[in-house]
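Chemist: Chains P and S, in that order, give the protein sequences. Heads up: the first sequence begins at 1 in my numbering, then just goes up one per residue. Heads up: the second sequence begins at 1001 in my numbering, then just goes up one per residue. First, the structure itself, so that you have it in front of you.
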Amino acid sequence: MASFERASPALKEILLRIYSAEKPIEVDHQLYEFGSVEYHIKSSASDPQFTYLSISTPLLTQEVLLSYGLSPYTMQMVREISADVLEIVEPAKEGYQLTLRLDFSRIPRGIDSMKVITEVSSVQAVILSSQLKEMLQNVNSWDTSQGMYKPIKLVYHPREPFYVIRQPQKIIAVFPMRFKEYSDVIIATSFFQELMDVGSSEKWAKVPPCSWSPIPPPELRGEPFEELSTNGGFVSFEISSRHIEGKRLDKTVWSLLNFYAYVKHHVKCTRGFIQRRMRKRLESLVEVLQNSSLEEDGHIKKVKGWRYMKKLVTLSSKSKILKRRCGDFTRKIKRIRFRIKIHGFGRFRRRWLTMPKFSSPIGYTKLE
Amino acid sequence: MASTLRLYLTCIRNTLEAAMCLQNFPCQEVERHNKPEVELKTSPELLLNPVLICRNEAEKCLIETSINSLRISLKVKQADELENILTKKFLRFLSMRAEAFQVLRRKPVQGYDISFLITNYHCEEMQKQKLIDFIVQFMEDIDKEISELKMSVNTRGRLVATEFLKQFI
């Protein structure tokens, strides 16, 4: 599968470990990536100077798989990764398409060493992109008398092929889009429409014209039905000679190879964004409801008995409270001023003049 | 456009104020049980006439009342496919977290996007006016949130498309 980084992270880590080892180490690793790419890294202590790296990768199209291996153009691009450090070994190791001999002693020390190792780790991306570069570089060299050009099916990801159709003065890249979920289809469709809107504006006149259609474009008529059944429609880019001049060729090729990954990444990020936004909104919506609640807790409350309840019931208005307080104060003054002591009267009052109590003064527990 | 929304919400508010007169009523079918009669619909004498308030063909509100419970079902407007999936996602998200809202139903009534179930117990715990305010505010917030989500998704798509096309220059 295409990833945005060209270098394989696992391969880079192993090569770095071999390079930075203080003494020669025995390494014999086999790496598998994306289900179809295979690496074999071998370094022995008896021959510490060289490390052997073998690669097996499904090619973009079987048309370029020549009887003697990869095309000369691809071989040349691989050599250009780092001419000092790597050398192509002929023939390649059995089961692999390409074997490289790496001489780490020629890697310059310092910051450049990381750059060289990263470039070597991106050999798989170089092989695949060189095939597409070869096709795109021949934009102007096709004879128009050939008539209808058959679409070339390229496979960068096993389940996500795309087509390249050669036409006079341009090449059309068509991407059939498929998604697992309906919501992904809708998010991607809105992205494709934005892509068309942006690409058709005057400011972006230099970019390849882009179009989206829910049905297969006319260039793909005749292809097998299962290849053309999609739920996300078809996205087409028209690549002309100005998009592949000089350094733009590499960028154009890498953008086309990573288009699927780009769209899938955008859809995934959008789903995450929607989820985060919903969570945030939920909190604000719940807060509104919580403010409308009468009681906060439902704990069991203990009240102080009938005297307290009588006080609560009688405390109905401010004027009555004021009257009661005045009355209390007046009675207090009277008691102080008119204090007449009669011996035994207190006992008489307590025994004969008190009102009987009909309720218990003990506090009770209110059940909720 | 805003005036029709105001009228629609005012009509719903007035209907809710009239309908939210709930009292405790034990189940007549099973003793010692207390169930929301609007959900069971076993006793017609306990149910009031349902009221359907339509703003347009796409937006409507169904208010079903009974003696001890009230059910409000909303159908939110969905202009295109993107609004459709955003509405479904968002309302499903809220419904799955119905316990946070207390009055929200976990599954909407068939034909609607979201449903509330208010019982007499809710009316005892919460203030009636605030409940009605919450429902109306919820409707406004949902519309606003869906519109904002849609705009954000389109804006993100545009930015990502711009970044992708920059690589060709």
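Virtual Cβ for every residue (Gly too), placed ideally from N, Cα, C.
1. So what does Val27 (chain P) bridge to, in DSSP terms?
2. What did DSSP end up calling Arg1105 (chain S) once you bin it into helix, strand or coil?
3. Around the C-beta of Gly199 (chain P), are 16 or more other C-beta atoms found within 10 angstroms, so that it is buried, or is it exposed?
4. Taking 7 Å as the limit between beta carbons, can you name the residues of its chain near Leu15 (chain P), skipping five residues before and five after?
5. Which of helix, strand or coil does DSSP assign to Leu70 (chain P)?
6. Where does the unbroken beta strand (DSSP E) through Gln167 (chain P) begin, and where does it stop?
7. Would you say Leu1070 (chain S) and Ala1019 (chain S) are within 7 Å of each other, going by their C-beta atoms?
8. Quick check on Phe4 (chain P): does DSSP put it in helix, strand or coil?
9. Measuring straight from C-alpha to C-alpha, what distance separates Asp197 (chain P) and Val1038 (chain S)?
10. Please confirm if Met385 (chain P) has its CB atom under 7 Å from at least one CB of chain S.
11. Start and end of the alpha helix (DSSP H) containing Leu60 (chain P)?
12. Identify every run of the alpha helix (DSSP H) within the segment 1058–1117 of chain S, keeping only runs that are complete inside it and at least 4 residues long; order them along the chain.
13. To the nearest angstrom, report how far apart Ile1169 (chain S) and Leu256 (chain P) are at their CA atoms.
14. Using a Cβ-Cβ cut-off of 7 Å, state whether Phe1116 (chain S) counts as contacting chain P.
15. Let me see if you follow: with CB-CB separation under 7 Å, is Ala1079 (chain S) close to chain P or not?
16. Comparing the C-beta of His29 (chain P) with each C-beta of chain S, is any distance below 7 Å?
17. Shorter than 7 Å from the beta carbon of Pro214 (chain P) to some beta carbon of chain S?
18. Among all the DSSP beta bridges, which residues are the ones paired with His157 (chain P)?
19. Of the choices P:His266, P:Ser236, P:Lys251, P:Pro48, whose alpha-carbon is the least far from that of Ala125 (chain P)?
20. Just curious, the alpha helix (DSSP H) that Ala1002 (chain S) is in, first and last residue?
21. When you compare each of P:His40, P:Phe234, P:Val78, P:Lys280 to Leu128 (chain P) by their alpha carbons, which one comes out closest?
22. If you measure beta-carbon to beta-carbon, which residues of the segment 1093–1105 of chain S are closer than 8 Å to chain P?
23. Over the uninterrupted beta strand (DSSP E) stretch that includes Val174 (chain P), give me the two end residues.
24. Check whether the Cβ atoms of Tyr52 (chain P) and Arg6 (chain P) sit closer than 7 Å, and answer yes or no.
25. Going by the CB atoms, is the gap between Phe1134 (chain S) and Val288 (chain P) shorter than 7 Å?
26. By DSSP's criteria, Ser190 (chain P) is part of a beta bridge. Which residues make up the other side?
27. Using 7 Å as the limit for Cβ to Cβ distance, is Thr1162 (chain S) near chain P?
28. Assuming Ser46 (chain P) contacts Val27 (chain P) under a Cβ cut-off of 8 Å, what Cβ separation, rounded to an integer in Å, is found between them?
29. Run through chain S and tell me which residues come within less than 9 Å of Leu132 (chain P), C-beta to C-beta.
30. Does DSSP put Thr118 (chain P) in a helix, in a strand, or in coil?
31. Buried or exposed: Ala1161 (chain S), going by 16 or more other Cβ atoms within 10 Å of its Cβ?
32. Quick check on the burial criterion: 16 or more other C-beta atoms within 10 angstroms. Buried or exposed for Arg1105 (chain S)?
33. Please name the residue or residues paired with Val89 (chain P) in a DSSP beta bridge.
34. Starting from Glu194 (chain P), find everything on chain S with Cβ-Cβ shorter than 7 Å and list it in chain order.
35. Since Thr1119 (chain S) sits in a beta bridge, which residues does DSSP pair it with?
36. Can you tell me whether Ser284 (chain P) is buried or exposed, with buried defined as 16 or more other CB within 10 angstroms of its CB?
Modeler: To lay it out plainly:
1. Against the first sequence, residue 27 (chain P) aligns to sequence position 27. Paired residues: P:Ser43.
2. One-based indexing of the second sequence puts residue 1105 (chain S) at position 105. DSSP places Arg1105 (chain S) in coil when its eight states are reduced to three.
3. If you number the first sequence from 1, residue 199 (chain P) lands on position 199. Burial call: buried.
4. Position 15 of the first sequence, counted from the start, is the residue given in the question as residue 15 (chain P). Result list for Leu15 (chain P): Ile117, Val120, Ser121, in chain order.
5. Translated into the one-based positions of the first sequence, residue 70 (chain P) becomes position 70. Here Leu70 (chain P) carries a coil assignment [DSSP, helix/strand/coil].
6. The residue you call residue 167 (chain P) lines up with position 167 of the first sequence. Note, Gln167 (chain P): beta strand (DSSP E), 160–167.
7. Position 70 of the second sequence, counted from the start, is the residue given in the question as residue 1070 (chain S). Position 19 of the second sequence, counted from the start, is the residue given in the question as residue 1019 (chain S). Going by C-beta atoms, Leu1070 (chain S) is nearer than 7 Å to Ala1019 (chain S).
8. Counted from its first residue, the first sequence places residue 4 (chain P) at position 4. Phe4 (chain P) falls in the coil class under three-state DSSP.
9. Here residue 197 (chain P) corresponds to residue number 197 of the first sequence, with the count starting at 1. Here residue 1038 (chain S) corresponds to residue number 38 of the second sequence, with the count starting at 1. So the alpha carbons of these two residues sit roughly 51 Å apart.
10. Residue 385 (chain P) cannot be examined here, being either before or after the span of chain P that is shown, 1 to 368.
11. Translated into the one-based positions of the first sequence, residue 60 (chain P) becomes position 60. No alpha helix (DSSP H) contains Leu60 (chain P), which DSSP labels as neither H nor E.
12. 1081–1096, 1098–1101
13. Counting from 1 along the second sequence, the entry for residue 1169 (chain S) is found at position 169. Counting from 1 along the first sequence, the entry for residue 256 (chain P) is found at position 256. If you take the alpha carbons of Ile1169 (chain S) and Leu256 (chain P), they lie about 14 Å apart.
14. Here residue 1116 (chain S) corresponds to residue number 116 of the second sequence, with the count starting at 1. Not closer than 7 Å to any Cβ of chain P, the Cβ of Phe1116 (chain S) fails to qualify, so no.
15. For the purposes of this step, residue 1079 (chain S) is taken as the residue at position 79 of the second sequence. Judged by the 7 Å Cβ criterion, Ala1079 (chain S) is not in contact with chain P.
16. In the first sequence, counting from the first residue as 1, residue 29 (chain P) sits at position 29. The Cβ of His29 (chain P) sits no closer than 7 Å to any Cβ of chain S.
17. Residue numbering aside, residue 214 (chain P) sits at position 214 when the first sequence is read from its first letter. No, its Cβ sits nowhere closer than 7 Å to a Cβ of chain S.
18. Against the first sequence, residue 157 (chain P) aligns to sequence position 157. DSSP, once it has assigned bridges, lists P:Glu160 as partnering His157 (chain P).
19. Locating residue 125 (chain P) in the first sequence gives position 125, where the first residue counts as 1. When each option's Cα is compared against that of Ala125 (chain P), the closest is P:Lys251.
20. Residue numbering aside, residue 1002 (chain S) sits at position 2 when the second sequence is read from its first letter. 1002–1019 is the extent of the alpha helix (DSSP H) around Ala1002 (chain S).
21. The residue you call residue 128 (chain P) lines up with position 128 of the first sequence. Ranking the options by Cα distance to Leu128 (chain P), first place goes to P:Val78.
22. Phe1093, Leu1094, Arg1097, Ala1100, Phe1101, Gln1102, Val1103
23. As a position in the first sequence, residue 174 (chain P) is number 174, starting the count at 1. That run of the beta strand (DSSP E) goes 170–176.
24. Position 52 of the first sequence, counted from the first residue, corresponds to residue 52 (chain P). Position 6 of the first sequence, counted from the first residue, corresponds to residue 6 (chain P). No, these two residues do not count as a Cβ contact at 7 Å.
25. The residue you call residue 288 (chain P) lines up with position 288 of the first sequence. The residue you call residue 1134 (chain S) lines up with position 134 of the second sequence. Their beta carbons are under 7 Å apart, which means Val288 (chain P) touches Phe1134 (chain S) by this criterion.
26. For this step, residue 190 (chain P) is matched to residue 190 along the first sequence. According to DSSP, which records beta bridges pairwise, Ser190 (chain P) is partnered with nothing at all.
27. The count along the second sequence starts at 1 and reaches residue 1162 (chain S) at position 162. At least one chain P Cβ lies under 7 Å of Thr1162 (chain S).
28. As a first step, residue 46 (chain P) is located in the first sequence; it is residue number 46 there, counting from the start. As a first step, residue 27 (chain P) is located in the first sequence; it is residue number 27 there, counting from the start. Not really, about 13 Å apart at Cβ, beyond 8 Å.
29. What you label residue 132 (chain P) is simply residue 132 of the first sequence in a count that begins at 1. In chain order: nothing, as chain S lies at least about 14 Å away.
30. Working through the first sequence from its first residue, we reach residue 118 (chain P) at position 118. Helix, per DSSP.
31. For the purposes of this step, residue 1161 (chain S) is taken as residue 161 along the second sequence, with counting starting at 1. Label assigned to Ala1161 (chain S): buried.
32. Start at 1 with the first residue of the second sequence, and residue 1105 (chain S) comes out as number 105. Flag for Arg1105 (chain S) reads buried.
33. Taking the first residue of the first sequence as position 1, residue 89 (chain P) is located at position 89. Beta-bridge pairing links Val89 (chain P) to P:Thr99.
34. Indexing the first sequence from 1 puts residue 194 (chain P) at position 194. For the C-beta of Glu194 (chain P), the chain S residues within less than 7 Å are, from N- to C-terminus, Asn1154, Gly1157, Arg1158, Ala1161.
35. For the purposes of this step, residue 1119 (chain S) is identified with residue 119 of the second sequence, where counting begins at 1. Beta-bridge pairing links Thr1119 (chain S) to S:Ser1069.
36. Locating residue 284 (chain P) in the first sequence gives position 284, counting from the first residue. Counting Cβ neighbours within 10 Å, Ser284 (chain P) comes out exposed, since fewer than 16 surround it.
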